Amino acid sequence: MRDLRHWTPRYLLNRSIEKIYRTSNPDLPWLTQQANSILATWLLPKDRGLEFGSGRSTVWFCQKVASLFSIEHNPAWYEIVSKKLQTLNLTNIDYRLVQKHEMGIAKPSYVETAEILEDESLDFVLVDGIYRDECAHLAIRKLRSGGLLIIDNVNHYLPSRSISPNSIPLGNAPASPLWEIAYNTLKNWRFIWTSNGVSDTALFFKPCGQF
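Quick note: the sequence shown uses the numbering used here, first residue 290, plus one each step.
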């Protein structure tokens, strides 16, 4: 049976506000409003980025940065985003379709595809697809010093004080052993944790001199 305990008046209000924001801003990434505002001012035209999981963010990033490497696992969604990129004549992207493997694969091709990118070469990485613990773990290595790691729905994976549904409370363990490893690194980074009461997006800034 579906758990409806989070459907409180406060949650319903937050959900309504979030829906209005999505509808009013159809071209913005499917992240929190605060995260989008930060990214709009933080990204530079010379930046190089990677995203696991494509969508609105793919087009938006391509319009703002020098180059984007994007990995998508869903063939139907890949076609939709590809057509959008073609319509807008956005060519500063290497867009890869890597379909989901059966469970039990230790290191899926979806994640390994990004190994073509040099370590410490990226200005930002968005983790918003499948195998998020694997992706976050790899992203730490691919980011340059001062680079930005963006994790969407982060409250599902790392402990926090978030009031969004399905959040992991402070004091509890992260969602998987790999998330535990990532958390032990990320807790020493400067970060901004954003929430709209429905979902959370966190932005972690890689310290200078860390590899």
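Think of the CB as a built atom: it goes at the ideal place given N, C-alpha and C, for glycine as much as any other residue.
Model, not experiment: these values are computed from the prediction.
Contact check for LEU379 against ASP412 fails: the beta carbons are separated by 8 Å or more. Cβ-Cβ separation between LEU492 and ALA403: approximately 19 Å, too far for a contact (criterion under 8 Å).
Contact annotation, VAL443 with ASP489: C-beta distance approximately 5 Å; criterion of less than 8 Å satisfied.
Per the Cβ contact rule, the region 328 to 342 is in contact with the region 350 to 361 (3 or more Cβ pairs under 8 Å). Restricting attention to alpha helix (DSSP H) runs no shorter than 4 residues, the region 327 to 378 encloses them at 345 to 351 and 364 to 376, ordered along the chain. Annotated three-state conformation of SER305 is helix, per DSSP.
In this structure, the CA atom of PRO397 is about 23 Å from the CA atom of ASN473.
Look at TYR399 here: in three-state DSSP terms it is helix.
By the criterion of a C-beta distance shorter than 8 Å, SER346 is surrounded in its chain by PRO318, TRP319, LEU320, GLU340, LEU415 and ASP417, once the five residues flanking it on both sides are discounted. Secondary structure of TRP468 (DSSP, three-state): helix. Going by DSSP, ALA462 is part of no alpha helix (DSSP H) at all; its letter is neither H nor E. Closest option to PHE350, judged by alpha-carbon separation, among ASN485, ASP316 and LEU467: ASP316. Relative to TRP468, the option among CYS424, SER453 and ILE360 whose CA is nearest is CYS424.
Counting along the chain, ILE439 sits inside the beta strand (DSSP E) bounded by residues 432 to 441. In the assembly as shown, ASN325 is a buried residue. Its beta-carbon has 16 or more other beta-carbons within 10 Å. Per the C-alpha coordinates, the member of PHE494, LYS495, ASN485 and PRO496 positioned closest to ASN303 is ASN485. Annotation: THR376 to SER343 spans about 16 Å, alpha carbon to alpha carbon. Inter-residue distance for LEU459 and PRO448 is about 5 Å (C-alpha atoms, whole angstroms). With respect to the 8 Å criterion, HIS445 and ASN455 are classified as neighbours on the basis of their beta carbons.
In this structure, SER453 lies away from LYS495, with their beta-carbon atoms at least 8 Å apart. Annotated three-state conformation of LEU492 is strand, per DSSP.
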